[in-house]
Amino acid sequence: MILGEAIKHYNVPRFKLVISKCFQFVDEDKGPIDPATLTSNDSPRVNRVGLSRKHILDAVDQSVERLGTYIADPQDGSGKVRYIGASSMAAWGFQILQNVAHQNGWHKFISMQGLYSLLRREEERNESLLQLHWRRWNRYSRAEVSLPKLLFRGEDQNTHRALVDRVEEFAQRKGVEMAQIAESWLIAKGCMPICGLESEERIDQAVGAVQVKLSDEEMKYLEELYVPKVSFPF
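For the sequence shown, UniProt numbering assigns the number 1 to the initial residue and increments by one for each residue that follows.
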């Protein structure tokens, strides 16, 4: 709704915009919800969750209606969508999907959405194998890199704590939010972060992150503590 109103208010030509839409973990009435609650396609949300063709096409129609636009970039031949993208899988799994699409004459994926942040960079191995457009989700690692006093658990807790301390150090030094440091790092890595812009505050935060600049030395300082992890979810 916010994006649609902005497009209308500023009379932005549609050809200047690339608009993408996520489907599986979105409740069209309430916005993003906990994926753990979507284990059953039943009750009030029957046919309104998951990646079935029906739900995806319905979600596209509703999204286009809210936006007041005709085409959502990154599906079908209706003209509402130009491209499709995949999410969180190994390079070999992605290639299987591309081969199946090729053999059947279906639309191929043109992008990959991967879990990527200062605390989890395993997608860098995938990226070297798949020469695609990459988009990043979970850029704050479930708020771990955007909140200074979050409780850390697990075998990586000491490393994570030290890394987040460095994010907080930069945020205080530059007079910005920790989340903006995390987003600035992603942008400097050449990534397109996926931002949940559900309020004016979040929009201001995302826009402000573009203005934050990190030097090569600062990038190295943030990255040097990273310890490789078991890949997720493959």
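Ideal Cβ positions, reconstructed from N, Cα and C, are used throughout, including at glycine.
The structure displayed is predicted, hence computed values, not measured ones.
Scanning L163, P193 and V207 for the CA closest to the CA of E218 turns up L163.
In this structure, G93 lies away from F109, with their beta-carbon atoms at least 7 Å apart.
Counting C-beta pairs with one atom in each stretch, the segment 191–203 and the segment 166–176 have fewer than three that are closer than 8 Å, which means they do not touch. Given a length threshold of 4 residues, each whole run of the alpha helix (DSSP H) inside the segment 183–216 is given here in chain order: 200–211.
In the structure shown, M89 falls within a coil segment according to DSSP collapsed to helix, strand and coil. When DSSP states are grouped into helix, strand and coil, V18 belongs to the coil group.
The segment 201–219 makes contact with the segment 180–192, as at least three CB pairs between them are under 8 Å. Residues S146, A171, Q205 and G208 of the same chain have their beta carbon placed closer than 8 Å to that of E177, with the five preceding and five following residues left out of the count. Under the DSSP assignment, G4 falls in the alpha helix (DSSP H) whose first and last residues are I2 to H9.
Checking the DSSP bridge columns, you'll see R135 partnered with Q113 and M192. V227 sits in coil when the DSSP states are folded into three classes, being neither helix nor strand.
Cβ contact annotation for A101 (same chain, cutoff 7 Å, sequence separation greater than five): H107 and K108, in chain order. Contact check for E124 against G114 fails: the beta carbons are separated by 7 Å or more. With a cutoff of 7 Å on beta-carbon distance, T159 and V230 are scored as not near each other. Scanning K16, S111, R120 and V46 for the CA closest to the CA of S87 turns up S111. In terms of CA proximity to Y83, V60 leads the group V60, V12 and A91. Straight through space, the alpha carbons of A90 and Y116 are spaced by roughly 14 Å. Taking all protein chains shown into account, A6 has fewer than 16 neighbouring C-beta atoms within 10 Å of its C-beta and is therefore exposed.
The shortest CA-to-CA distance from K220 to any of K189, R202 and R135 is the one to K189.
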